[in-house]
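In what follows, a single structure is set out as structure tokens and then discussed.
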Amino acid sequence: MAITLGQRSLARLVGVHPDLVRVVKRAAEMAEKRDDFTVLEGVRTREQCFINFGKGRTPAQCKAAGVPANYASPTAGKVTWLANPLSSKHHPRPDGYSHAVDLAPFPIDWNDLARFDRMAALLLAAAKAEGVAIRWGADWNANGKPRERGETDSPHFELAR
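Take 1301 as the starting number for the sequence shown in the working numbering and just add one per residue.
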């Protein structure tokens, strides 16, 4: 039994690499009703990358990374560990596409990691079926042990290229 991606989810896939879009759509086809998920984000603008980078960083840290100091938000929780905010795979790559997407089980419960793990298994199976190599943000080294080394980006999936 498949789930149907809503118009908002489909709109958020615009600009995402076609291989990754194919994986997300295949996962929706493979999903059971209990595995419903939503697309949170695909493409990130330069400004959104700067906003995310500024969270948890001082003006000096932002400036050192080439991010205008006004994006600094040192009291906010850090969103990204990237040294270069524009190296996010959500930011369009040289081929013009985002190579990352953030998804969440729907309805969203950020504390229900078991649902995120089921969703990840579904995405990884869909990627295998489509012949597309992907990485999951809660298991960067792909050893099947999520969150073992502080890997906490459960919504994040990206092309492994």
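Every residue gets a Cβ at the ideal spot worked out from N, C-alpha and C, and that includes glycine.
These numbers were taken from a predicted model, which means no experiment stands behind them.
query                                                                                                                                                                                                        : result
Quick one: Cα of arginine 1334 to Cα of methionine 1301, how far?                                                                                                                                            : 10 angstroms
Per DSSP, what are the beta-bridge partners of isoleucine 1434 in this structure?                                                                                                                            : Leu1459
Please tell me whether serine 1388 and cysteine 1362 are closer than 8 angstroms, where the distance is taken between their beta carbons.                                                                    : no
Straight-line CA distance for alanine 1400 to aspartate 1412?                                                                                                                                                : 22 angstroms
Taking only three categories from DSSP, how would you classify aspartate 1409?                                                                                                                               : coil
What distance in whole Å lies between the Cβ atoms of phenylalanine 1406 and threonine 1338, which are believed to be in contact at a cut-off of 8 angstroms?                                                : 4 angstroms
By the three-class DSSP mapping on this structure, what secondary structure does aspartate 1319 have?                                                                                                        : helix
Report the three-state DSSP secondary structure of aspartate 1402 (helix, strand or coil).                                                                                                                   : strand
DSSP three-state call for aspartate 1335: helix, strand or coil?                                                                                                                                             : helix
Identify, in the order they occur along the chain, each residue of the same chain with its Cβ nearer than 8 angstroms to the Cβ of methionine 1445, setting aside the five sequence neighbours on each side. : According to the sequence as given, residue 1445 is lysine; it is not methionine. So the qualifying residues of the chain are Asp1439.
Rounded to whole angstroms, what's the CA-CA distance from asparagine 1544 to proline 1359? Just pull it up for me.                                                                                          : Since the first residue of the chain shown is 1301 and the last is 1461, residue 1544 is not available in this structure.
For arginine 1393, tell me which candidate among Gln1307, Gly1315, Arg1308, Met1330 has the shortest Cα-Cα distance.                                                                                         : Gly1315
Is arginine 1344 near histidine 1391, with beta carbons less than 8 angstroms apart?                                                                                                                         : yes
Am I right that phenylalanine 1353 and threonine 1380 are in contact with their C-beta atoms under 8 angstroms? What's the rounded C-beta distance?                                                          : 6 angstroms
For alanine 1311, report the span of its alpha helix (DSSP H) as first-last.                                                                                                                                 : 1307-1312
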